[in-house]
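Okay, so the sequence shown: first residue is 6 according to the working numbering, each after it adds one.
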Amino acid sequence: MIPVVNQRACIGCGACERICPEVFRLINNKSNVMDSDACDTCECEKVLEECKPRAITLYDDF
Numbered sequence: 006m007i008p009v010v011n012q013r014a015c016i017g018c019g020a021c022e023r024i025c026p027e028v029f030r031l032i033n034n035k036s037n038v039m040d041s042d043a044c045d046t047c048e049c050e051k052v053l054e055e056c057k058p059r060a061i062t063l064y065d066d067f
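Encoded structure:
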């Protein structure tokens, strides 16, 4: 899965970083994908549930 963050929708709550610190980092109060390859080994699908503004989308690898 490839995570993508909608920067406009992100409110900087940090839920994504708490759940998948290997993948997400807050920079300037916005979530950023640091290592999309790590999404295969963490709980990125749980991030979708916890992200209240729904700022994160997961796309299938091609």
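From the three backbone atoms N, C-alpha and C, an ideal C-beta is built for every residue, glycine too.
The structure displayed is predicted, hence computed values, not measured ones.
Inter-residue spacing [alpha-carbon to alpha-carbon] between residue i and residue j
| i | j | result |
| --- | --- | --- |
| proline 26 | cysteine 15 | 16 Å |
| leucine 31 | valine 10 | 11 Å |
| glutamate 37 | phenylalanine 29 | The question names glutamate, yet the displayed sequence has asparagine at residue 37. Rounded to whole angstroms, asparagine 37 to phenylalanine 29 spans 6 Å at the Cα level. |
| methionine 6 | asparagine 34 | 24 Å |
| glutamate 22 | aspartate 66 | 21 Å |
Sub-8 Å separation of residue i and residue j beta-carbons
| i | j | result |
| --- | --- | --- |
| proline 8 | cysteine 56 | no |
Endpoints, the alpha helix (DSSP H) within which residue i is located
| i | result |
| --- | --- |
| isoleucine 134 | This structure cannot settle anything about residue 134, because the visible part of the chain is limited to 6 through 67. |
Extent of the continuous beta strand (DSSP E) run through residue i
| i | result |
| --- | --- |
| valine 28 | Taken as a continuous stretch (DSSP letters only), valine 28 belongs to no beta strand (DSSP E), as it is neither H nor E. |
Nearest-angstrom Cβ-Cβ length linking residue i and residue j, presumed shorter than 8 Å
| i | j | result |
| --- | --- | --- |
| leucine 63 | glutamate 50 | 7 Å |
* Where in the stretch 37–66 do unbroken runs of the beta strand (DSSP E), each at least 3 residues long, occur, reported from the N-terminal end onward? -> 61–64
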